[in-house]
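> Per our numbering, residue 818 is the first one in the sequence shown, and the count goes up by one each step.
I'd like to ask you about the structure that follows.
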Amino acid sequence: MIIGIIAAIVVVLVIVVMMTRKKKTSKEQCPIDADLLIKALGGKDNITALEASPSKLKATLKQDKDLDVETIKTLGASGIVAGHLTLTMIFGKASSIICETVLEKIK
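Next up, the structure:
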């Protein structure tokens, strides 16, 4: 009898947990306008490499004359470091999904 009650409580708890658990989407949405970022980096033909670290997005470029740093800032970059033909942008935790989205678009 007690085992039946305990089993019923466990089943109810499992159902409650499953119902309240936030559903995960199969693919996260990019939090910025990736097309605008590509344009701000000088276009898809100007981007030679793109890589993400946990908080940063690093773009290697063919030339840096067409960069639009102000647009990148408006997209949410909290910091930008420009080097010779490289641009490192701090987008926080969203950096990896932004990188994936941009890479898909410039293929």
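Backbone N, C-alpha and C define an ideal beta-carbon position, used for all residues, glycine too.
(1) Suppose you measure from the CA of Leu-904 to the CA of Ala-824; what does that come to, to the nearest Å?
(2) Apply the 10 Å Cβ neighbour rule to Leu-858 and answer buried if 16 or more other Cβ atoms are within range, or exposed otherwise.
(3) Rank Asp-852, Gln-846, Ala-911, His-901 by C-alpha distance to the C-alpha of Gln-880 and give the top, closest one.
(4) Please specify which runs of the alpha helix (DSSP H), each continuous and at least 4 residues long, are wholly inside the stretch 857 to 893, giving them in chain order.
(5) Measure the Cβ-Cβ separation of Glu-868 and Cys-916 and say whether it is below 8 Å.
(6) If I'm right that Ser-912 touches Leu-874 with Cβ under 8 Å, what's the distance once you round it to whole angstroms?
In short:
(1) 58 Å
(2) buried
(3) His-901
(4) 886 to 891
(5) yes
(6) 5 Å
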